[in-house]
Amino acid sequence: MVTSVAQTGWPEWRTKFGIPIGTPYLISPAFEYDIELNEFFYSTEMLVFRMSTRVGYARDIKGFLTFLHRNRGGIGWRDASEEDHRAYLIWRREDPAGPRVGGSTWDREVSGVNRFFRWQGSQKRLNMNPIPQRPRRAAPGFGRHGQEGETAATYSHDARRERIRWFPAKSYRQWRDVGVRGYGPNGLPDAGFRGRWAARNSVFVDLMVRTGLRLTEQASLTPFELPQVSGRGGYQRFWLPASVAKAGSARWIYVPSSVLRDLAAYAEVDRREMIDNARAKRRYRRMSGQLLIVEHGQNVAFVPGATEKIKVSELTPEERRRLFVDGPDGLEPAAFWLNEYGMPMSVSTWKDLFRQANARCAKHGLVLHGHAHLLRHTFSVLTLEQLQRGHIAALAQLNSAQRGHYTRIFGDPLDWVRRRLGHKSVTTTQIYLHALEELEMETRMALISDDLWEDPRDPRPLVDAEAGTAAHG
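When we follow our numbering, the leftmost residue of the sequence shown carries the number 22, and every step to the right adds one.
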């Protein structure tokens, strides 16, 4: 175990062990760093995952190890037994004094902890895996040879997909106006609201609910990706690179012109003020660590002193937080979303924004509770309903040949939404169909009006943000 490392020696120590920047690690209750434990987080087993996924693994493993320390006599991870895991299962899921987590949460935790102990076992560091195993069952349509091996025996049997929650458009606007913009339920500004950056926060949630972007995807955007405001209406699109998109699901993102105008206003006013204030306080000159620099007007980055360059589109969300533009006025962050100190906004800060918005709504007596994924659900349900209505109405006015031509151009509404969300399978996207099917048609018509949003499948030419040229699709 490592018990102390001089602060000035951290970079050299990290480099010696080949630990990527941002790798999570666990510290014992005695403030000791266990090299063998933490080696898992930068092993080849984990390097294939995005850093945020590794952080999730660390959080779930920490939960089990903390339970061992507090509830099982301080036992260490090397000596944990199946009985310890069984006790953890009972406490997590059955104990009235425990958290009583759902099946999906428990399955995620078991998967992460099991991967950790299986890997430690492969390194000959364990007497036994405390997670009991069973033969993997063959899935329908797969041969026996493709399903060999073992899996955790304590997965739940109640991990059904949860009911989709989403905001009708009116509810979303009320949640945004009261929770994010600082208005009262009466539509007037709340005199007690002290949100200095409400315009930034408002356009952030508007962009999310109008595009279906995930929180990390949207928080990782740079000005290089976003389209410029044009005089035309409708939608403009930009390419979300695989390095930022979850599971490499690179795709076109369609942004309505109204949101683009608000993005431009934030960039020209609030964002510029944040950068100017940070420059005045010399914050960027005091930056330390390995920065990535991109020269003004270029789309490649480099580490100062190094010769190799990398395209900005290939940088991960973690690397983008360290990316700075070297412009005529000096350094400035390449991240589009900045905090009051002129530094990139973290995902955790955005999550706090949602918590604060929900608290303000509750303070005003509004039963509205939003989060990032709920806005993604809202985009999916509202867009799918509108596209289906337009699809049916258009096909009803066409002959057979025209219907075929229309379908080739616009495609199936469900598949269009699937591609916008970055789902690999349309089966995943079908949950939004199920959400609509649960509503009576009269209710659907009341909740989702025909003129709610523009049709993003605008047949007019679209301006691509990266190429600046007209394109279709």
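For each residue, glycine too, the CB sits at the ideal point set by N, CA and C.
So is residue i buried or exposed if we call it buried at 16+ other beta carbons inside 10 Å?
i, result
"M308", "exposed"
"G39", "exposed"
"L394", "Checking the sequence, you will find His at residue 394 rather than Leu. Looking at its Cβ environment, which holds fewer than 16 other Cβ atoms inside 10 Å, H394 is exposed."
"D436", "exposed"
"N298", "exposed"
"M72", "buried"
"T328", "exposed"
"A380", "exposed"
"G17", "Outside the shown range of the chain (22 to 494) lies residue 17, about which nothing can therefore be said."
"L89", "buried"
"G348", "exposed"
"L68", "exposed"
"T175", "buried"
"W371", "buried"
"W31", "exposed"
"A240", "buried"
"T450", "buried"
"E353", "buried"
"R198", "Note on identity: in this sequence residue 198 is Asp, with Arg being the wrong assignment. Burial call: buried."
Measure from the alpha carbon of residue i to the alpha carbon of each residue in the options, then state which is nearest.
i, options, result
"Q154", "R139, R272, K330", "R139"
"T7", "Q319, T87, D179", "Shown here, the chain extends from 22 to 494; a query on residue 7 therefore has no answer."
"E316", "E294, A299, L344", "L344"
"Q377", "G97, A219, S446", "A219"
"T399", "L454, N207, S367, Y362", "L454"
"L313", "E294, N92, A301, L336", "L336"
"V131", "D105, G119, A173, E103", "A173"
"E171", "N150, K372, R184, K191", "N150"
"W273", "D283, Y256, D116", "Y256"
"N222", "N360, M67, I82, T448", "N360"
"G216", "R93, R282, D291, T232", "D291"
"V265", "S334, L228, A286, D198", "S334"
"N320", "A268, F52, P244", "P244"
"L147", "G97, A190, D128", "G97"
"Y63", "F137, S367, W112", "F137"
"F357", "F85, P338, P120", "P338"
"I152", "D100, P117, D116", "D100"
"H444", "F375, A271, R282, R342", "A271"
"L228", "Y287, V199, R184", "Y287"
"F70", "A322, R197, G269", "G269"
"I185", "H392, F375, L374", "H392"
"L284", "S102, V226, K302", "V226"
"G233", "V438, A456, I452", "V438"
"T65", "F375, Q144, P365", "Q144"
Straight-line CA distance for residue i to residue j?
i, j, result
"L382", "L209", "The displayed chain sequence assigns Cys, not Leu, to residue 382. Near 14 Å, if we compare the C-alpha coordinates of L209 and C382."
"G95", "S49", "11 Å"
"P325", "T404", "45 Å"
"V250", "G213", "34 Å"
"G4", "N59", "Any answer about residue 4 is impossible in this case: the structure gives the chain only from 22 up to 494."
"G305", "A355", "The sequence as given places Tyr at residue 305; Gly does not occur at that position. One C-alpha to the other measures close to 12 Å."
"V402", "W187", "8 Å"
"V280", "V224", "7 Å"
"P248", "V346", "18 Å"
"R35", "H385", "49 Å"
"K37", "V276", "45 Å"
"I296", "F259", "25 Å"
"Y362", "E340", "19 Å"
"R235", "R397", "7 Å"
"V134", "A79", "9 Å"
"L442", "P156", "34 Å"
"F61", "L408", "46 Å"
"V76", "T44", "8 Å"
"K332", "H390", "39 Å"
"E33", "I56", "15 Å"
"R93", "I82", "16 Å"
"E406", "R194", "18 Å"
"D128", "T237", "23 Å"
"S192", "V447", "28 Å"
"P41", "F323", "17 Å"
"V201", "S102", "48 Å"
"S369", "T74", "14 Å"
Within 8 Å of any Cβ in chain C, is that where the Cβ of residue i sits?
i, result
"V201", "Going by chain labels, chain C is absent from the structure shown, which holds only one protein chain."
Using a Cβ-based criterion (distance less than 7 Å to any ligand heavy atom), does residue i qualify as near the ligand SAH?
i, result
"G326", "The model depicted lacks the ligand SAH and carries no ligand whatsoever."
In the DSSP output, which residue or residues are listed as bridge partners for residue i?
i, result
"I331", "A322"
"G351", "G348"
"H313", "Correcting the residue identity first, residue 313 is Leu in this sequence and not His. Its beta-bridge partners are L344."
"I48", "Y54"
"P365", "L359"
Could I get the ranges of all uninterrupted alpha helix (DSSP H) runs contained in the region 50-123, with 4 residues as the minimum, in chain order? DSSP runs (the alpha helix (DSSP H)) wholly in the region 50-123: 56-59, 65-68, 72-92, 103-114.
Could you tell me which uninterrupted beta strand (DSSP E) segments, each at least 3 residues in length, are contained entirely in the region 237-285, listed from first to last along the chain? Within the region 237-285, the complete beta strand (DSSP E) runs of at least 3 residues are 256-261, 272-277.
Every unbroken alpha helix (DSSP H) within the region 135-222, with a cutoff of 4 residues, ordered by chain: Runs found: 190-196.
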